[in-house]
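Numbering (this note's numbering), first residue to last: 164 to 274.
C-beta: ideal position from N, C-alpha, C; glycine also.
Because the structure is a prediction, the values reported are computed rather than measured.
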Amino acid sequence: MNHSIEWVASAINIFCKAIFHLSLDNVHEHLRKRLHSSCDWERVENGAEKHKLCLQLLERVVYAKNETDYAINLKELELAGPATFMEYFYNNWNNKKDFWVYYIQQRTAEA
164 MNHSIEWVAS AINIFCKAIF HLSLDNVHEH LRKRLHSSCD WERVENGAEK HKLCLQLLER
224 VVYAKNETDY AINLKELELA GPATFMEYFY NNWNNKKDFW VYYIQQRTAE A
């Protein structure tokens with residue numbers, strides 16, 4: 164089997180993008196579960212609506228298209244989200260965003 168360099172480079176690029184999306188989806192799912200378990204949403208006033216809003220904001224943070232979107236949605240999540248989740252997020256994820264935020268990973272994948 165004799166493949167051209169372009170074919171090999173293309174295959175590697177496709178593989179890396181697949182791994183990137185799998186990893187990003189795993190991070191998103193982990194954070195969704197952590198957000199869900201960080202609060203007794205049934206006891207919070209309008210808990211179902213607040214939970215839904217927080218999940219939407221979290222998705223916007225994870226899949227932010229640029230730094231401004233990340234910052235705006237993170238601030239909104241901070242205002243809407245449970246303090247325990249935000250503490251966990253800031254202590255464990257925000258300072259490592261280079262490894263998992265969409266817009267940063269896209270830049271890395273394209274380089």
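Between the C-alpha atoms of Tyr253 and Val207 there is a straight-line separation of about 23 angstroms. Nearest in C-alpha terms to Gly210, of all of Ser167, Pro245, Glu192 and Asn229, is Pro245. Nearest Cα to Asp232 within the set Glu169, His199, Arg197 and Val264: Val264.
Per DSSP, the unbroken alpha helix (DSSP H) holding Val225 starts and ends at Gly210 to Val225. Nearest to Ser201 by C-alpha distance, out of Asn255, Lys260 and Glu250, is Glu250.
Boundaries of the alpha helix (DSSP H) harbouring Asp232: Glu230 to Ala243, taken from the DSSP string. The beta carbon of Leu218 is closer than 7 angstroms to those of Arg195 and Leu198 in its chain, skipping five residues each way along the sequence. The three-state reading of DSSP puts Val190 in helix, counting H, G and I together. DSSP, read as helix, strand or coil, puts Trp204 in helix.
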